[in-house]
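Visitor: Pasting in a structure now, in C-alpha cells, and then I'll have a few things to ask.
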Amino acid sequence: MQSPVVPVGFASTIVPLAVRCRGVSRHFFIRESILEVSGHRRITYAQYKAMMNCIFYLERRCQVFGLFLFGGNVTLVKRIFEKIKSGDDHLYDYICSKDAPRECAVALRRFIIASKLQILPLRCLSVLCGNIRDVPARVVALDMLNLLKSEYDGPRLLFAKYYLHLMRSLTLRGYLRPTEMQSIYSPFVAMPNVFRSGTPEIRANTLTKAAVVLEMLLLVELLEDSAALEHEMRSTLASYRSYQPKKQ
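Shown next as C-alpha cells:
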C-alpha cells in the first residue's frame, strides 16, 4: 500500500549546503527542529513524516475499539515507536500490514511525550492557564485557534491541524461517541499531548480545560478559512459581551 503524501512547507527550517569532498558532491543540511519542542531535543523531517503517516492511518481507523486507551501488543508498540524515532520511510506500509491501530496510537502518544513535542504554541498554553473560569469555552477556544494560526506556520501549523483533526474524528466518529450514558473522553486523551507540562496550573481545573479543548476540536475546521474564523470570533465575542450586562 502506498503511503500518503506528507505536506511539506518546511523550506525555511532546512538550509541545504553543497560541499565537495574528494571530487564527490555531497549535500548536508543545517537543521532546526521541524516541530516545536521543549529543551534541546530536535524533531527531524523523517520523524515528522513518520508521525504524520501515523495520524493519516489513525484517521482511517478511528472507530477501532480502545483507540488511545488500550495498547494491544506491547512488542509491536515498541517496534512502531522505534520506527517513528528512526523516521522509517516504510512505517505506513508496516502498520497497515500489521493491522495495528491501537499499537500505533500508543506508540505515537509515547513518542510525542518522550520527545517533549509542543503541539500548540506557548501562547495558547498561557491562555489556557489564565483566568478563564467565567469565560465561555467557545470564546477561549476561538482565541487559541487564532493564536495557533498567527504563531505557527509550515510544518508546525500542519502537524497541529492534522493532530486536532484526528482528535475531532475520534470525538465525532470514534467508537465512544457521546450518548446519554457515555462521556466524551477525547479531550482528556489530547490534553497530555497538546498541553504537555507538569506545572500545577495545567493540572488544575481539568474539566474547564477539557471543555476548551473539546471546543477547539469541534471548531478546528475554521483553521482552513481565515475569514470564517474571524467572523466566528466576532459574532461569538459580540454575543458574550451582550450577555455580560444581563448577568450583572
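Note that UniProt numbering has the sequence shown beginning at 1, numbered continuously upward.
Cβ atoms here follow ideal geometry from the backbone N, Cα and C, with glycine treated the same way.
1. Could you pull out every residue in the same chain whose Cβ sits closer than 6 Å to the Cβ of R61, ignoring the five residues on either side in sequence?
2. Please confirm whether N53 and Y92 have their CB atoms less than 7 Å apart.
3. Where does V37 sit, in a helix, a strand or coil, going by DSSP?
4. Short check: CB of V64 to CB of A137, under 7 Å?
5. Pull up the CB-CB distance for R41 and S126, whole angstroms please, since I reckon it's below 8 Å.
6. Taking just the CA atoms, how far does L218 sit from S226?
7. With a threshold of 16 other CB atoms inside 10 Å of the CB of S38, please say whether the residue is buried or exposed.
8. Grab the span of the alpha helix (DSSP H) containing R133 for me, first residue to last.
9. Check L117 in the structure and name its three-state DSSP category.
10. Leaving out five residues before and five after Y57 in sequence, what residues of the same chain have Cβ atoms less than 8 Å from its Cβ?
11. Smallest Cα separation from V77: which of I55, T208, R109 and T44?
12. Taking the alpha-carbon positions, what's the V74 to A141 distance?
13. For the alpha helix (DSSP H) containing T171, name the first residue and the last one.
14. Please determine, among E82, K149, S242 and A50, the residue with the shortest C-alpha to C-alpha distance to R123.
15. Can you grab the Cα-Cα spacing for the pair H27 / P121, in whole Å?
16. So I55 packs on L166, CB below 8 Å; how close in whole Å?
17. For Y163, which residues of its own chain have a beta-carbon under 7 Å away from its beta-carbon, when the five flanking residues on both sides are left out?
18. Taking the straight line between their C-alpha atoms, what separation do you get for L147 and A228?
19. Can you tell me where the alpha helix (DSSP H) with R61 in it begins and where it stops?
20. Is N73 helix, strand or coil when you go by DSSP?
21. Quick one: grab the DSSP three-state call for H27.
22. Could you please give the first and the last residue of the uninterrupted alpha helix (DSSP H) stretch that includes F210?
23. According to the neighbour-count rule (16 or more other Cβ atoms, all chains shown, within 10 Å of its Cβ), is F70 buried or exposed?
24. Quick check: what's the CA-CA separation for L157 versus I112?
Guide: Checking against the coordinates, here is how it stands:
1. In the sequence shown, counting from the first residue as 1, residue 61 sits at position 61. Sequence-distant Cβ neighbours of R61 in its own chain, meaning closer than 6 Å and more than five residues away, are P101.
2. On the sequence shown, residue 53 is found 53 positions in, with the first residue counted as 1. On the sequence shown, residue 92 is found 92 positions in, with the first residue counted as 1. Contact flag set, yes.
3. Locating residue 37 in the sequence shown gives position 37, where the first residue counts as 1. Three-state result, V37: strand.
4. In the sequence shown, residue 64 corresponds to position 64, counting from 1. In the sequence shown, residue 137 corresponds to position 137, counting from 1. Cβ distance not < 7 Å, so V64 and A137 don't count as in contact.
5. Within the sequence shown, the letter at position 41 stands for residue 41. Within the sequence shown, the letter at position 126 stands for residue 126. Contact doesn't hold; Cβ gap of about 22 Å is too wide.
6. Here residue 226 is taken as the residue at index 226 of the sequence shown, counted from 1. Here residue 218 is taken as the residue at index 218 of the sequence shown, counted from 1. Each residue's Cα considered, the two are about 16 Å apart.
7. For this step, residue 38 is matched to residue 38 along the sequence shown. Exposed is the call here.
8. As a position in the sequence shown, residue 133 is number 133, starting the count at 1. Here R133 belongs to no alpha helix (DSSP H), and DSSP marks it neither H nor E.
9. One-based indexing of the sequence shown puts residue 117 at position 117. DSSP places L117 in strand when its eight states are reduced to three.
10. Counting from one through the sequence shown, the residue named residue 57 turns up at place 57. So the list reads Y92, I95, C96, P101 and C104, once near-sequence residues are dropped.
11. Within the sequence shown, the letter at position 77 stands for residue 77. That would be R109, whose Cα lies nearest to the Cα of V77.
12. Here residue 74 is taken as the residue at index 74 of the sequence shown, counted from 1. Here residue 141 is taken as the residue at index 141 of the sequence shown, counted from 1. Taking the straight line joining both Cα atoms gives about 36 Å.
13. Indexing the sequence shown from 1 puts residue 171 at position 171. That run of the alpha helix (DSSP H) goes G154 to R173.
14. The residue given as residue 123 occupies position 123 in the sequence shown. Of E82, K149, S242 and A50, the residue nearest in Cα terms is K149.
15. In the sequence shown, residue 27 corresponds to position 27, counting from 1. In the sequence shown, residue 121 corresponds to position 121, counting from 1. Low confidence applies to H27: its pLDDT is 38, below 50, so where it sits in the model is not reliable enough to give any reading.
16. Translated into the one-based positions of the sequence shown, residue 55 becomes position 55. Translated into the one-based positions of the sequence shown, residue 166 becomes position 166. A Cβ-Cβ separation of about 5 Å places I55 in contact with L166 under the 8 Å criterion.
17. Indexing the sequence shown from 1 puts residue 163 at position 163. I55 and I119, listed in sequence order.
18. In the sequence shown, the residue the question calls residue 147 occupies position 147. In the sequence shown, the residue the question calls residue 228 occupies position 228. When rounded, the distance between both Cα atoms is 15 Å.
19. Position 61 of the sequence shown, counted from the start, is the residue given in the question as residue 61. No alpha helix (DSSP H) contains R61, which DSSP labels as neither H nor E.
20. As a first step, residue 73 must be located in the sequence shown, where it is residue number 73. Coil, per DSSP.
21. As a position in the sequence shown, residue 27 is number 27, starting the count at 1. Summary for H27: the model assigns pLDDT 38, below 50, so the residue's position carries little reliability, and this model does not support an answer.
22. Working through the sequence shown from its first residue, we reach residue 210 at position 210. Here residue 210 is Ala; the residue named in the question, Phe, does not match the sequence. Taken as a continuous stretch (DSSP letters only), the alpha helix (DSSP H) holding A210 covers T206 to L219.
23. Position 70 of the sequence shown, counted from the first residue, corresponds to residue 70. Burial call: exposed.
24. Position 157 of the sequence shown, counting from 1, holds the residue named residue 157. Position 112 of the sequence shown, counting from 1, holds the residue named residue 112. Approximately 16 Å, taken between the alpha carbons.
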